[in-house]
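Asker:
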Amino acid sequence: MNDFYKRVYALVRKIPKGRVASYGDIAEHLGTKGSARTVGYAMNNAHAVSPPIPAHRVVNRNGLLTGKHHFGSPTMMQQLLENEGVKIIDDQVQDFEKLRWIPRKRN
DNA sequence: TCACTGACGGGGC
DNA sequence: CGCCCCGCCAGTG
């Protein structure tokens, strides 16, 4: 467990309910812009972290639920988001631009 | 040590 | 619009 991972998890937990963020935004915030893949890789291990990580609030830059297969069920991620008021159509977050949450260092 | 993979992103064609 | 290539970084065999 790297410090990098912890930073990813800590940041993901800060994502407000009903909002989403992209891997790239998270990576950029951590100062490792361009390493969005690594952020995604970190999320792969998020299920084993405590407290729980709201991984369903993290999508790719297009607002697509690319990580849904890593939840128990392929529809789990979508259900979790819709349960928070986020509308999903064809695995894509609607109004992604509006719901997109940009992490800030001052917060 | 090298090669490959991946819940990504950007750019070229 | 779809496809491909490359950079990115950590984990794995």
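Here the first sequence stands for residues 75 to 181, numbered as in our numbering. Heads up, the beta-carbon is just placed ideally off N, CA and C, and yes, glycines get one too.
Since Ala-120 and Tyr-83 are thought to touch, with beta carbons under 8 Å apart, how far apart are those beta carbons, to the nearest angstrom?
Answerer: By 1-based counting over the first sequence, the position of residue 120 is 46. By 1-based counting over the first sequence, the position of residue 83 is 9. Yes, they are in contact, since the Cβ atoms of Ala-120 and Tyr-83 sit about 7 Å apart, within 8 Å.
Asker: Given a cut-off of 9 Å, decide if Gln-168 and Asn-136 are closer than it, judged by their beta-carbon atoms.
Answerer: To locate residue 136, count along the first sequence from 1; it is residue 62. To locate residue 168, count along the first sequence from 1; it is residue 94. Contact: no.
Asker: Which residue's Cα is closest to the Cα of Asn-157: Val-86, Lys-91, Leu-85 and Lys-80?
Answerer: On the first sequence, position 83 is the one that residue 157 refers to. Residue Lys-91 is the option with its Cα nearest to Asn-157.
Asker: Under three-state DSSP, which class holds Arg-180?
Answerer: By one-based count along the first sequence, residue 180 stands at place 106. Note that Arg-180 scores 41 on pLDDT, short of 50, meaning its location in the model is unreliable and no value can be drawn from it.
Asker: Among Thr-140, Leu-85, Phe-170 and Met-150, which residue has its Cα nearest to the Cα of Gly-105?
Answerer: Position 31 of the first sequence holds residue 105. Of the listed residues, the one whose Cα sits closest to Gly-105 is Leu-85.
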